[in-house]
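Residue numbers (the working numbering), protein chains in the order written: chain A, 83 to 549; chain B, 162 to 400.
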């Protein structure tokens, strides 16, 4: 019998063996590179992870203060600050800024928050020309696909797929050479940068004391987005704050190593505001939109530590379950362990639809070991499992045996002993007659050893009687 | 604490644990009313059911003696899981007391009793699967130290040694296809080192890996760490 779990169905029917192999290899390599770069430079990397986690946790616990500080500082720097409660209001604010300025063309650098709010689709539907400029994100956009990894959006795609897509979209004849694909994307994008009125970026860190936006990229596309445009729009989740400029020393070092195994990302940019009087270049306007979209509810929950996340993808790369099922199977913006926590939380009232995600984990703890901000992801998954049970979410119960009868027996020692002593009788029962669903599922791929209940107790009793 | 897996399937591991501890001069008491540590329900999200079982276990093991468990995962339930599910609960004290006295077997031998060289002989190639529940504890290192000190034992490394075997308690039946794929990967990696035995400190992992090996008729005998320690003593007539 095939598994009915949505995640496993996806893995079996759509993800498939070839993609699985490619994703596995890529994720494994990224994990190894991360480890090598971190261990080489920092013999006590765990201390750094814990310190970074404490700084983020501190910021979250005083978020009201730091948000106000950042807002005031940004305004002083000449930026306009907006607050968006949800995805729709974020998208609407972006559209309003463009309509007010009477402009139509946007180039966009990679932003997971933009994925979360569905910004590109929203703008395209309303006649805004909105183009992704990160190579992976551009390919995803041209191919009407979705990113499957936080930092490597097209980890699930092979070069033939990309070549077919480029041919179809008029970027040249079929050619699957990586250098050719990259050159064509570059030529295509260069024109677009010059034509665009608005450059939209995310933010890796927003520094409260200075109002600086820190952006970390490897392709330089964010720099191009902002270089030639009239208006720079930044969208940032409210959890992106860090208190001081000096904290960047820690975070910039950790994010590059954790995400891509680099000591430093190729481009680390700091945006202090729009062009000031007397400055020859830069956008005339800068808008910063702080987005909640469910984050305050997460902050009020017992899973608030997940808001420390700096979106490096290290937990995804190391996760043995993600490596088997791929990113799209998590049905959300974020995949892997962080997605299994964040997606159900951000789903709000639709929590129960996502309640299978926290169960899609062997709780091996590898995610916590690599997390640059030391998020106790397995604990959060467990808390969400408990919530799924409390709220009676059917997706949370799928496949797992009910625990009520077990708890009843396990609190009645006499019944427990009697049941175990009788268990060897199960050895003579054909497996399809065994009245426990979990055992039948177990036996589909695995054999079960012979029941030997009561044997150990008998042995230890005999020794006690006859030492 | 014998663990429910030893109680139901692996009496040999329970015996080896007792014999090993007695060899070290311990007096082993087996409270007859013990059942399970409460982990299946904790892991499955049914914390109300799990807390009932944990409370029972606390009663059964009340006292001042160390509680030794031949399983990283049952030990982790006492050390980490139970405190987590009792965070907001009034009768947390018993949980904390139990956690303060619980030891995983290898950790107890090496860091509790201060024994880090093992006598006896075990002339085989061994791969050791450190169960994931021992991450962040001293158990994995303790087991490796004991194993590599045994005369004749060749502890061989294998690819992706730190990866999970895919058991994961209720995960193994909730997500059976993913669990089995993870297990096959672990088995392939372990077999690549051509070992005589696959050894682990956790019968949960070995139940899963053994089940896959047997179903697919692959040859790789499994042993719990306690069995290796006991057999090493026997092989030199020290027991």
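Just so you know, even glycine gets a beta-carbon here, dropped at the ideal spot from N, CA and C. Keep in mind it's a predicted model, so treat the numbers as computed, not measured.
As assigned by DSSP and simplified to three states, the class of residue 401 of chain A:
Residue 401 of chain A: coil per DSSP, three-state reduction.
For the alpha helix (DSSP H) that contains residue 244 of chain A, what are its first and last residues?
Counting along the chain, the unbroken alpha helix (DSSP H) around residue 244 of chain A starts and ends at 241-250.
Would you kindly work out how many angstroms separate the C-alpha atoms of residue 220 of chain A and residue 467 of chain A, rounded to a whole number?
Residue 220 of chain A and residue 467 of chain A: Cα-Cα distance of roughly 36 Å.
Short CB-CB distance (under 7 Å) between residue 213 of chain B and chain A:
For residue 213 of chain B, the answer is yes, since a Cβ of chain A falls inside 7 Å of its Cβ.
At a CB distance below 9 Å, what residues from the region 311-337 of chain B approach chain A? Give them in sequence order.
321, 323, 324, 325, 326, 327, 328, 329, 330, 331, 332, 333, 334, 335, 336, 337: these are the residues of the region 311-337 of chain B whose beta carbon lies less than 9 Å from some beta carbon of chain A, given in chain order.
Have a look at A:95, A:239, A:313 and flag the residue whose alpha-carbon is nearest the alpha-carbon of residue 182 of chain A.
Answer by Cα proximity: A:313.
Taking Cβ-Cβ distances below 9 Å as the criterion, which residues of the region 257-283 of chain A are in contact with chain B?
For the region 257-283 of chain A, the beta-carbon criterion of a distance under 9 Å to any beta-carbon of chain B is satisfied by none of its residues.
Sheet register partners of residue 306 of chain A (DSSP bridge)
DSSP, once it has assigned bridges, lists no residue as partnering residue 306 of chain A.
Quick check: what's the CA-CA separation for residue 290 of chain B versus residue 96 of chain A?
Counting only the Cα atoms, residue 96 of chain A lies some 32 Å from residue 290 of chain B.
Closest by CA to residue 110 of chain B, which one among B:325, B:307, B:380, B:260?
Outside the modelled stretch of chain B, which goes from 162 to 400, sits residue 110 of chain B, for which no answer is possible.
Rounded Cβ spacing between residue 480 of chain A and residue 93 of chain A (contact assumed at less than 8 Å)
The C-beta separation of residue 480 of chain A from residue 93 of chain A comes to about 15 Å, leaving the pair out of contact by the 8 Å criterion.
Who are the near neighbours of residue 327 of chain A in its chain, counting only those whose CB is closer than 8 Å to its CB and skipping five residues on each side?
Within the same chain, residue 327 of chain A has close Cβ partners 289, 291, 292, 294.
Does residue 264 of chain A pass the burial test, meaning 16 or more other C-beta atoms within 10 Å, or should it be called exposed?
Residue 264 of chain A should be labelled exposed.
Going by beta carbon distance, what residues of the same chain come within less than 7 Å of residue 184 of chain B, once the five residues before and after it are set aside?
Within the same chain, and ignoring the five residues on either side of residue 184 of chain B in sequence, the residues whose Cβ sits closer than 7 Å to its Cβ are 394, 400.
Within the chosen definition, does the region 231-238 of chain B reach the region 291-302 of chain B through at least 3 CB pairs nearer than 8 Å?
With a cut-off of 8 Å, the region 291-302 of chain B and the region 231-238 of chain B count as touching, because enough Cβ pairs lie within range.
If distances are taken between C-alpha atoms only, which option among A:537, A:311, A:275, A:332 comes closest to residue 503 of chain A?
Comparing C-alpha distances from residue 503 of chain A to each of A:537, A:311, A:275, A:332 shows the shortest one belongs to A:537.
7 Å Cβ cut-off: residues of chain B touching residue 407 of chain A:
Correct list: 339.
Thinking C-alpha only, which one of A:196, A:384, A:111, A:154 is nearest residue 285 of chain A?
Its Cα nearest to that of residue 285 of chain A, the residue A:196 stands out among A:196, A:384, A:111, A:154.
Alpha carbons only, please: which of B:398, B:163, B:162 is nearest the one belonging to residue 281 of chain B?
Out of B:398, B:163, B:162, B:398 has the C-alpha closest to the C-alpha of residue 281 of chain B.
Start and end residues, alpha helix (DSSP H) containing residue 208 of chain A
Here residue 208 of chain A belongs to no alpha helix (DSSP H), and DSSP marks it neither H nor E.
Just verifying my parser: in three-state terms, what is the DSSP assignment at residue 361 of chain B?
Three-state DSSP puts residue 361 of chain B in a strand.
On the premise that residue 317 of chain B lies in contact with residue 356 of chain B, defined as a C-beta separation below 8 Å, what is that separation, rounded to the nearest angstrom?
Residue 356 of chain B to residue 317 of chain B, Cβ: 6 Å. Contact.
Could you give the distance in angstroms between the alpha-carbon of residue 279 of chain A and the alpha-carbon of residue 390 of chain A?
Residue 279 of chain A and residue 390 of chain A have their C-alpha atoms some 33 Å from each other.
Per-residue DSSP class, three states only, for residue 493 of chain A
Coil at residue 493 of chain A, not helix or strand.
On a Cα-Cα basis, can you pick out the residue from B:269, B:337, B:334 that is closest to residue 387 of chain B?
The residue among B:269, B:337, B:334 with its C-alpha nearest the C-alpha of residue 387 of chain B is B:269.
Which value, in whole angstroms, describes the spacing of the CA atoms of residue 195 of chain B and residue 332 of chain B?
CA-to-CA, the gap between residue 195 of chain B and residue 332 of chain B works out to about 25 Å.
Strictly below 7 Å CB to CB, what residues from chain B border residue 530 of chain A?
Close to residue 530 of chain A, with beta-carbon spacing below 7 Å, are these residues of chain B in chain order: 372.
So who's on the other strand from residue 173 of chain A, going by DSSP bridges?
Beta-bridge partners assigned by DSSP to residue 173 of chain A: none are found.
Return the CA-CA distance between residue 102 of chain A and residue 177 of chain A, expressed in angstroms with no decimal places.
Cα to Cα, the separation comes out at about 39 Å.
Restricting to Cα atoms, I'd like to know which of A:332, A:88, A:345 is closest to residue 300 of chain A.
Per the Cα distances, A:345.
Where the alpha helix (DSSP H) containing residue 167 of chain B begins and where it ends
Residue 167 of chain B -> alpha helix (DSSP H) spans 165-169.
Assign residue 315 of chain B to one of three DSSP states: helix, strand, or coil.
Strand at residue 315 of chain B.
Leaving out five residues on either side along the sequence, give the residues of the same chain with a beta carbon under 7 Å from the beta carbon of residue 198 of chain A.
Excluding sequence positions up to five before and after residue 198 of chain A, its CB lies within less than 7 Å of the CB of 169, 375, 415, all in the same chain and listed in chain order.
Chain B contacts from the region 438-452 of chain A (Cβ-Cβ distance under 9 Å)
Contacts with chain B (Cβ-Cβ distance below 9 Å) from the region 438-452 of chain A involve 438, 440, 441, 442, 443, 444, 445, 446, 447, 448, 450, 451, listed in chain order.
Should residue 343 of chain A and residue 116 of chain A be called a contact, given that it needs their Cβ atoms to be closer than 7 Å?
For residue 343 of chain A and residue 116 of chain A, yes; Cβs fall inside 7 Å.
Taking Cβ-Cβ distances shorter than 7 Å, what residues in chain A pair up with residue 342 of chain B?
The contacting residues are 406.
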